[in-house]
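These notes are about the structure you will find just below.
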Amino acid sequence: MRERLLLLVGVILLAGAVLYAERQGRTRRPAVVQPSIPFNHQKHIAAGFKCAGCHVYVNSQPFAGIPTVQECLECHASWRAKTPELSRIDPQLKAIAAEGKEIPWQQVHRVQPHVYFSHQRHVTTAKLDCAVCHGEMKYVTRPVDRQTVPINMERCLECHRKERVTTDCLACHR
0 MRERLLLLVG VILLAGAVLY AERQGRTRRP AVVQPSIPFN HQKHIAAGFK CAGCHVYVNS
60 QPFAGIPTVQ ECLECHASWR AKTPELSRID PQLKAIAAEG KEIPWQQVHR VQPHVYFSHQ
120 RHVTTAKLDC AVCHGEMKYV TRPVDRQTVP INMERCLECH RKERVTTDCL ACHR
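Going by numbering that gives the first Met the number 0, the sequence shown opens with residue 0, and the numbers climb by one from there.
Take a look at the structure:
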């Protein structure tokens, strides 16, 4: 009898902790971050660059990846710069490269630590457009400093139900 009572109390405490963590993720506003370089998505997209051109792991890995200094310089300082404006290199980028450092990109789009999210599964398998979760970056002229689309369980479940894909808790919660 005592073991059952302890088990019941444990289950109730665990359920309460999960509910609390989920509510925190739903109601807490994402922090605004300071941009590291004056990156302009609109200019890059207008020049014909696709998301996967800079976020090179988006089709093959759980994480999308962010460009390295070398990757930025390869495009900006080469024949691949499609416009005179893109062939110019931002002074901050030059300084970072000269110091042998990497761009201190700030991660803005996050899921809760207990949630597993795979870009590959959503972009390659499900064929979702990046804008579904990240908003219309083709209009963004300033560095991204906040999530433009809420990333939370309600939104994910809404999409999963609409697309008739799994809503099994263990598919995302690990």
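Where is the CB? At the ideal position from N, CA and C, for every residue including glycine.
Please read these numbers as outputs of a predicted model, since none were measured by experiment.
Between residue i and residue j, which are expected to be in contact by the criterion C-beta below 8 Å, what is the C-beta distance as a whole number of angstroms?
{"i": "H108", "j": "V57", "result": "About 12 Å; that fails the 8 Å criterion."}
{"i": "C132", "j": "V143", "result": "Going by Cβ atoms, the distance from C132 to V143 rounds to 13 Å, so no, they are not a contact pair."}
{"i": "L104", "j": "I150", "result": "Note that residue 104 is Trp in the sequence shown, not Leu. That pair is no contact at about 18 Å."}
{"i": "L72", "j": "A96", "result": "6 Å"}
Hey, how far is the Cα of residue i from the Cα of residue j?
{"i": "A45", "j": "V139", "result": "11 Å"}
{"i": "G15", "j": "L6", "result": "14 Å"}
{"i": "P112", "j": "T123", "result": "23 Å"}
{"i": "R145", "j": "G9", "result": "37 Å"}
{"i": "Q106", "j": "V68", "result": "16 Å"}
{"i": "H75", "j": "L169", "result": "43 Å"}
{"i": "R141", "j": "T165", "result": "36 Å"}
{"i": "C158", "j": "L127", "result": "10 Å"}
{"i": "D167", "j": "R154", "result": "15 Å"}
{"i": "L12", "j": "P61", "result": "31 Å"}
{"i": "P90", "j": "A51", "result": "25 Å"}
{"i": "L92", "j": "K42", "result": "16 Å"}
{"i": "E70", "j": "G47", "result": "16 Å"}
{"i": "R174", "j": "I102", "result": "Residue 174 lies beyond the residue range present for the chain, which begins at 0 and ends at 173; the question has no answer from this structure."}
Is DSSP giving residue i helix, strand or coil here?
{"i": "L57", "result": "The sequence given here has Val at residue 57, not Leu. Coil, per DSSP."}
{"i": "V164", "result": "coil"}
{"i": "H172", "result": "strand"}
{"i": "V114", "result": "strand"}
{"i": "T26", "result": "The predicted model places T26 with a pLDDT of 40, which falls under 50 and marks its position as unreliable; any figure quoted below should be read in that light. T26: helix per DSSP, three-state reduction."}
{"i": "E135", "result": "coil"}
{"i": "T123", "result": "helix"}
{"i": "C40", "result": "The sequence shown places His at residue 40, rather than the Cys named in the question. Of the three classes helix, strand and coil, the one that applies to H40 here is helix, per DSSP."}
{"i": "C129", "result": "coil"}
{"i": "P90", "result": "helix"}
{"i": "A16", "result": "helix"}
Please return the same chain residues whose Cβ sits closer than 6 Å to the Cβ of residue i, not counting the five positions on each side in sequence.
{"i": "R173", "result": "Y115"}
{"i": "H40", "result": "M136, V139"}
{"i": "C53", "result": "P66"}
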